[in-house]
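Below is one structure, written out as structure tokens, with a few remarks after it.
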Amino acid sequence: MNPIFTLLLDAYLTRAPDHPFARTFKKTARMTLLATVLAGCFSLQPFISDAKQLPCLANIKSQDALLVAGADGRILYKKNETKNHVPASTLKVLTALAALNHFGPSYRFRTEFYTDTFHNLKVKAYGDPLLISEVLREVADVLSKKIQGFQNLILDNTYFDAQIEIPGCGESTNPYDAPVGAFCANFNTVFFRRDAKGRIISSERQTPVVPFARERIRSLGLKSGRYAFLRDSQDAARYAGELLLYFLRKKGVKTQGDIRFGAVVPGDMLIYTYESTFALETVLEKMLKSSSNFIANQILISLGASVSGPPGTLAKGVDAVTDFARNDLHLEGVKIVEGSGISRQNRLSALHMLTILERFKPYRHLLKRENNVSYKTGSLEGVRTRVGYVEDDLRGLYYFVIFLNQNHSKMDGTMNCIKKAVAR
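Each step along the sequence shown adds one to the number in our numbering, with nothing skipped, and position 358 is 362.
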């Protein structure tokens, strides 16, 4: 209320206390005062956009965005929050949320094993992103108790389309460029070293260097380290098949044939279904904490195949996540071209991300955590992003979104600025 008006009114009420207007106003004034006090008590997180109260807002340029909100979703600080930006790997939070919504946290990927009338062993794969060496060894142990031998090992990887190219992925040997596929092992990477004589030796005790891997390492001229060494889904399935065959032979299973590609057909007999050791929630935790592009797009394509039917394609996966964003989260203007964030064509705003974080809140334990901050980062050349939650025992939970298209050294300073602001 205007202070001059208050003084004049006070003078009037003092001089004419019994005037009907005075009595009515006194009652109204008391109610207004009570409402004002209550509003003050429950507005502990007022909207603030003044750079003086959040110094780092001055560092957020036109190509950047920042948003901080309280536990109720009310925005406390914001700048450029409606502009679409490249989210980089923070997009994985949306991919994870879409998968949790469709499959549920306890969902487990499966891989099926059949025998046919020609005594072949068939593998029907469904995109499990965590078929690691330890798992294949356990699968071989189970199969060795069901069959003594077989002719050929036939790989059915038709659940995914054979030609899937992820926008933003190159043909490098960096693990973040690893291809996707229905039947893959060890994230489609190989980890090895060379001894004093230059011989190739596995850097993982549980993983042998099978002939296919050795040949590919030599042809690419790779030094020691971890590499994505496969070109496509056929290469991926071949490598996984050789690993499985190695472990089967170690268990005493006899085979006279070779590895071939084919399909499960009516009449083939299902002898074993491997349900992943890892529930989807655990898979997503590994994806988010390691920022695995491979796992993210395996999940995206598996989601598309589940929603729209096999074979899984990039387009079906993108449609599934886009439809989830539009229909379930009520987000308009989000652009998704793949599930990991490696592509610069992905676009969403800080305001979009706030909605995603609000829905992801029950699963925030899947994110990296440092002290009282749970977060996901993203990084591309010239792009640094970070989103997540700051939790305070006294003040509760806060959401934050930082999209920077400038020197990444500003990220830590911006994050510290936010933590100090919400702790006040």
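The C-beta atom is built at its ideal place from N, Cα and C for all residues, glycine as well.
#1: Using the three-state DSSP reduction, which class does E374 fall into: helix, strand or coil?
#2: If we ignore side chains and look at the alpha-carbon of each, how far apart do A186 and S148 end up?
#3: State the start and end residues of the unbroken beta strand (DSSP E) segment that holds I406.
#4: Compare the C-alpha of A244 against each of R198, L288, T193 and name the closest.
#5: Fully enclosed by the stretch 196-255, which beta strand (DSSP E) runs are 3 residues long or longer?
#6: Can you confirm whether the stretch 393-408 touches the stretch 107-117 when touching is taken to mean that 3 or more C-beta pairs between the two stretches lie within less than 8 Å?
#7: I'd like the span of the alpha helix (DSSP H) that includes D323, first residue to last.
#8: So, for L274: in the same chain, excluding its five sequence neighbours on each side, which residues have a beta-carbon less than 8 Å away from its beta-carbon?
#9: For C173, which residues of its own chain have a beta-carbon under 7 Å away from its beta-carbon, when the five flanking residues on both sides are left out?
#10: Out of curiosity, what's the CA-to-CA distance linking F333 and S312?
#11: Does the Cβ of D68 have 16 or more other Cβ atoms within 10 Å, making it buried, or fewer, making it exposed?
#12: Quick one: residues in its chain with C-beta nearer than 6 Å to the C-beta of I299, no 5 flanking neighbours on either side, listed in chain order?
#13: Along the chain, where does the beta strand (DSSP E) that runs through V394 open and close?
#14: Report the residue from G343, E279, V387, I406 whose alpha carbon sits nearest the alpha carbon of A103.
#15: DSSP puts A73 in a beta bridge; with which residues?
#16: Given a cut-off of 8 Å on the beta-carbon distance, is the pair F404 and V72 in contact?
#17: Less than 8 Å separating the beta-carbons of T211 and S137?
#18: Looking only at its chain, what residues have a beta carbon closer than 6 Å to the beta carbon of T418, apart from the 5 residues adjacent to it on each side?
#19: Thinking V213 and S206 are a contact (beta carbons under 8 Å), I'd like their distance in whole angstroms, please.
#20: Give me the Cβ distance between I305 and L157, rounded to the nearest whole Å; I'm assuming they're in contact under 8 Å.
#21: Please look up how many angstroms separate the CB atoms of N88 and R390, rounded, as I've assumed it's under 8 Å.
#22: Looking only at its own chain, which residues have a Cβ that is under 7 Å from the Cβ of I204, when we skip the five neighbours before and after it?
#23: Excluding sequence positions up to five away, which residues of its chain have a Cβ less than 6 Å from the Cβ of K339?
#24: Taking the alpha carbon of S280 as the point to measure from, which residue in E246, E142, K82 has its own alpha carbon closest?
#25: Is the separation between the beta-carbon of Y276 and that of V146 shorter than 8 Å?
#26: From I170, A166, G153, L234, pick the residue whose C-alpha is nearest to that of T189; which is it?
Let me lay it out:
#1: Here residue 374 corresponds to residue number 370 of the sequence shown, with the count starting at 1. E374 falls in the strand class under three-state DSSP.
#2: For the purposes of this step, residue 186 is taken as residue 182 along the sequence shown, with counting starting at 1. For the purposes of this step, residue 148 is taken as residue 144 along the sequence shown, with counting starting at 1. Rounded to whole angstroms, A186 to S148 spans 23 Å at the Cα level.
#3: To locate residue 406, count along the sequence shown from 1; it is residue 402. First-last of the beta strand (DSSP E) with I406: 400-408.
#4: Sequence index remark: in the sequence shown, residue 244 carries index 240 (1-based). Minimum Cα distance to A244 is reached at T193.
#5: 204-206, 229-232
#6: no
#7: Against the sequence shown, residue 323 aligns to sequence position 319. Per DSSP, D323 belongs to the alpha helix (DSSP H) from 318-327.
#8: Working through the sequence shown from its first residue, we reach residue 274 at position 270. Around L274: E116, F117, Y118.
#9: Locating residue 173 in the sequence shown gives position 169, counting from the first residue. So the list reads D181, I346, once near-sequence residues are dropped.
#10: Here residue 333 is taken as the residue at index 329 of the sequence shown, counted from 1. Here residue 312 is taken as the residue at index 308 of the sequence shown, counted from 1. A small correction: the amino acid at residue 333 is Leu; Phe does not occupy that position in the sequence shown. Answer to the nearest angstrom: the Cα atoms are 20 Å apart.
#11: For the purposes of this step, residue 68 is taken as the residue at position 64 of the sequence shown. Buried: at least 16 other Cβ atoms inside 10 Å.
#12: Position 295 of the sequence shown holds residue 299. Correct list, in chain order: P133, M291.
#13: As a first step, residue 394 must be located in the sequence shown, where it is residue number 390. Counting along the chain, the beta strand (DSSP E) containing V394 begins and ends at 387-396.
#14: In the sequence shown, counting from the first residue as 1, residue 103 sits at position 99. Checked all of G343, E279, V387, I406; the closest Cα to A103 is G343.
#15: As a position in the sequence shown, residue 73 is number 69, starting the count at 1. Bridge partners of A73: I79, Y403.
#16: Position 400 of the sequence shown holds residue 404. Position 68 of the sequence shown holds residue 72. It is a contact, given that the beta carbons lie within the stated cut-off.
#17: Counting from 1 along the sequence shown, the entry for residue 211 is found at position 207. Counting from 1 along the sequence shown, the entry for residue 137 is found at position 133. Yes, the pair counts as a contact, with Cβ atoms nearer than the cut-off.
#18: For the purposes of this step, residue 418 is taken as residue 414 along the sequence shown, with counting starting at 1. Closer than 6 Å at Cβ, skipping near neighbours: C60, I406.
#19: Sequence index remark: in the sequence shown, residue 213 carries index 209 (1-based). Sequence index remark: in the sequence shown, residue 206 carries index 202 (1-based). Indeed, because the Cβ distance is near 5 Å, the residues count as touching under 8 Å.
#20: Within the sequence shown, residue 305 is the residue found at index 301, counting from 1. Within the sequence shown, residue 157 is the residue found at index 153, counting from 1. Wrong, their Cβ atoms sit about 24 Å apart, outside the cutoff.
#21: As a first step, residue 88 is located in the sequence shown; it is residue number 84 there, counting from the start. As a first step, residue 390 is located in the sequence shown; it is residue number 386 there, counting from the start. Actually they are not in contact, since the Cβ atoms of N88 and R390 sit about 17 Å apart, beyond 8 Å.
#22: As a working mapping, residue 204 is identified with position 200 in the sequence shown. Result list for I204: F196, R198, V213, R218, I221, in chain order.
#23: Against the sequence shown, residue 339 aligns to sequence position 335. Hits under 6 Å: R351.
#24: In the sequence shown, the residue the question calls residue 280 occupies position 276. The shortest Cα separation from S280 among E246, E142, K82 belongs to E142.
#25: On the sequence shown, position 272 is the one that residue 276 refers to. On the sequence shown, position 142 is the one that residue 146 refers to. Yes, the pair counts as a contact, with Cβ atoms nearer than the cut-off.
#26: The sequence position of residue 189 within the sequence shown is 185, counting from 1. Per the sequence shown, residue 189 should be read as Ala rather than Thr. Answer by Cα proximity: L234.
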